[in-house]
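In full-length UniProt numbering, the protein residues as written are 1 to 352.
These notes are about the structure you will find just below.
In structure tokens form, the structure reads like this:
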């Protein structure tokens, strides 16, 4: 797996929308800034790079190559990380975008899953090691807090690739489903495909990120906005980095023979709702990652370590019992544990 990291030295400035983070989060973290990691996953050609550029008002993939169909089939998944520093209304946000070019291109689906899963596990493992160390005050949190998963609009629902990926990883990452290229569907078609995708999540036991209930002190306007966002999932997205003139104003959108598409028009695009969701629920995504997903990983990891230690102790006691003394046993035990990695006690007698 190729792990490429690109650092954007320029600090982005502009109205991106992340300065609307909840006030209680501001008070806690505004001074030191926020760290947030987004992973984007989906088949080639669904507009992942375009959406990222739209969300962060940047051109992060200037040198991204286009591949022929033959080359796509030969390509393996790589992990491509971009790091951004955003300052908006005095709020500092350090964002890491983890892209997965090559996902879904190979005929071997396991290749797509394994590269992504390995990366997620590596971040959990590194955090566990840092957390277990002596200096725990300044631990870098590189865990994946949000996975924007892109679903093709042409399949009219989840593909087998989508289902297998989500079932394999939904207990390790917060999945936020995206229906790509929403301008290729009519409003009725989009409504139908959203309903079908939600139904398929239930049928296959797939857990996606669920927006928590509003706090009791939230006002009615916030509650309405949050409810609209909940009802929009999966988000239907149109992406474009092109600025065009339309009816006397500049918009980001696409021009077609039949008219103009504004990616921020909420009549047919959930782009604004997605951006608002990331702003309002960034801390919720981080909390679920830390309190649920990571804790599950940590518990499983500790259980494995405990099991390994138990096997180690049991094997040593057994060898001592057979040999009759510790001094005679040490050489046999060292040879056994080196070759067997504590996997089984069945063949210890072969080393004695």
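Glycine included, each C-beta is placed from N, C-alpha and C at the ideal position.
Spell out the partners DSSP gives residue 253 in its beta bridges. 262
Please report the residue range of the alpha helix (DSSP H) in which residue 177 lies. Counting along the chain, residue 177 falls outside any alpha helix (DSSP H), though it belongs to the beta strand (DSSP E) covering 175 to 179.
Measuring straight from C-alpha to C-alpha, what distance separates residue 90 and residue 52? 22 Å
Nearest candidate by alpha-carbon position, reference residue 55, set 43, 34 and 84: 84
Would a C-beta distance cut-off of 8 Å place residue 179 and residue 235 closer than the cut-off? yes
Buried versus exposed, by CB contacts within 10 Å (16 or more), residue 205: exposed
Give me the Cα-Cα distance between residue 123 and residue 231, rounded to the nearest whole angstrom. 32 Å
From 146, 176 and 297, residue whose alpha carbon lies closest to that of residue 38: 146
Count Cβ pairs between the segment 236 to 253 and the segment 214 to 226 that sit closer than 8 Å; are there 3 or more? no
Proximity to residue 271 [Cα-Cα], best of 50, 42 and 154: 50
Ends of the alpha helix (DSSP H) at residue 124? 109 to 131
So residue 128 and residue 42 are in contact, right, with Cβ under 8 Å, and what is the actual spacing, rounded? Contact doesn't hold; Cβ gap of about 29 Å is too wide.
Run of the beta strand (DSSP E) containing residue 46, from where it starts to where it stops: Residue 46 -> no beta strand (DSSP E), and no H or E assigned at all.
Alpha carbons only, please: which of 256, 155 and 130 is nearest the one belonging to residue 140? 130
Just the C-alpha distance for residue 99 and residue 81, rounded to the nearest angstrom, thanks. 6 Å
Inter-residue Cα distance where the pair is residue 46 and residue 224: 30 Å
May I have the straight-line CA-CA distance separating residue 277 from residue 107, to the nearest angstrom? 34 Å
Determine the closest residue to residue 262 out of 182, 172 and 304, with distance taken between C-alpha atoms. 182
Going by beta-carbon coordinates alone, are residue 112 and residue 170 separated by less than 8 Å? no
Using the Cβ count rule (16 or more neighbours within 10 Å means buried), how would you classify residue 102? buried
By DSSP, does residue 208 sit in helix, in strand, or in coil? coil
Where do the ends of the alpha helix (DSSP H) carrying residue 81 lie? Unbroken run through residue 81 is the beta strand (DSSP E), 79 to 88; no alpha helix (DSSP H).
Between which two residues does the alpha helix (DSSP H) carrying residue 275 extend? 271 to 280
Among residues of its own chain, excluding the 5 on either side of residue 196, which ones have a beta-carbon nearer than 6 Å to its beta-carbon? 157
For residue 192, name the three-state secondary structure that DSSP assigns. helix
Looking at the unbroken beta strand (DSSP E) that takes in residue 150, where does it start and where does it end? 146 to 151
Below 8 Å on the Cβ atoms is my contact criterion, and I expect residue 93 with residue 164 to pass it. Report the Cβ-Cβ distance as a whole number of Å. Incorrect: roughly 33 Å between the Cβ atoms, too far for contact.
Report the rounded CA-to-CA distance for residue 59 versus residue 253, giving the unit in angstroms. 16 Å
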